[in-house]
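What follows is a single structure, written as structure tokens, with notes after it.
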Amino acid sequence: MKNHILAGCLSLASFLFCSCEKEGVTMYEESPTVYFGEVARTYTFVENMEHIQIGFDTIKIPLQISGSAVERVREAEMIVAPDDTLHTAPNDMFSIGKGSIEACQYKGYIPVRVNYSSALDDSVYRIRLQLTANKDFPGVDLLNRTFTLSLTNKITEPSNWSRIKSYFGPYSNSWYRFILETTGLTSIPYWSTNGSIDKSNPDPEKWTMTLYEVKAYAAMVKVALDNYNRKHLQNPLTHEDGPEKGKPVIMP
């Protein structure tokens, strides 16, 4: 009897979490909606040097859905926002792939291939993207938001700086360069507490760093900053650019 009860409970759980029974899906399938998991991201080849030689990289634009997961793969589509004056990237700098939400999932992505160009060495180009309705998702982004993908090959403020600012302090390009040189990293891929396993992480393949790791790297950088300032008592490390230009670098 206990085995029968357990089997029944597991079946019910499967129904609730995956919406695999037709009755559980119907009321959402009438108008399922897909929207962006983020609103902006900056990509720099400086943080992905190996892809300069390859000539391109692929960025996964995160998606989320409202309503229920279903037992089949659903396609999501995206285009360049028409007549958007903020869009500056030429067509040969990127291409949009086919997006999808896998079966029984609430998140997915649309791949965007970005091609390296020497024009990125001293400039930032923006790609403005918007979701479009299709047979799988007749509803798209209820807030009518546009996703901004910024491309460059310069040191630039990473899109997750607000999430690591409490460990490294105010941003400047010169300070970020010091951080990367000290740690030997090409980026600080921290998004939230548990890295890739955090359910709130919009792109687990990109934002992989855990809280423990970001704290450890911050401690390493603080030691390097203190050592630098001891060797340059009359000329401590300062921000060379940005809103804090000319001010000493101070870590929290």
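So in numbering that gives the first Met the number 0, spot 61 of the sequence shown is number 60, and the numbers just go up one at a time.
In this text, a Cβ means the ideal position worked out from N, Cα and C, and glycines have one as well.
Just so you know, these numbers come straight off a predicted model, no measurement behind them.
Remark: C-beta atoms of L224 and M208 do not approach each other more closely than 8 Å. Around the Cβ of K97, a 10 Å sphere holds fewer than 16 other Cβ atoms; the residue is exposed.
Linking I58 to P110 through their CA atoms gives a straight-line distance of about 6 Å. Three or more beta-carbon pairs drawn from the segment 203–219 and the segment 180–194 are found closer than 8 Å, and the two stretches are therefore classed as touching. DSSP, read as helix, strand or coil, puts I178 in helix.
Nearest Cα to S171 within the set T87, V38, R144 and E243: E243. T41 places its beta carbon less than 8 Å from that of E156.
Secondary structure at Y227: helix, using DSSP grouped into helix, strand and coil. For E204, there is no enclosing beta strand (DSSP E), as DSSP marks it with neither H nor E.
One thing to note: G36 has its Cβ no nearer than 8 Å to the Cβ of N114. Looking only at T145, S173 and K153, the smallest Cα-Cα distance to H86 is reached by T145. Shown here, S122 sits in coil according to DSSP, grouped into three states, outside any helix or strand. Between A102 and I126, the C-beta gap is not smaller than 8 Å, which leaves the two residues out of contact. CA-to-CA, the gap between K153 and F167 works out to about 20 Å. Ranking T151, N133 and K221 by CA distance to the CA of D121 puts T151 first.
The C-beta separation of A75 from L148 comes to about 16 Å, leaving the pair out of contact by the 8 Å criterion.
Here I178 is buried: its Cβ has 16 or more other Cβ atoms, across all protein chains shown, within 10 Å. Nearest to K134 by alpha-carbon distance, out of S116, D140 and R73, is R73.
Y34: not part of any alpha helix (DSSP H); member of the beta strand (DSSP E) spanning T32 to F35, first to last residue.
For Q63, there is no enclosing alpha helix (DSSP H); the enclosing beta strand (DSSP E) covers residues F55 to S65.
Sorting Y189, M219, H238 and L128 by C-alpha distance to the C-alpha of D83 places L128 at the top.
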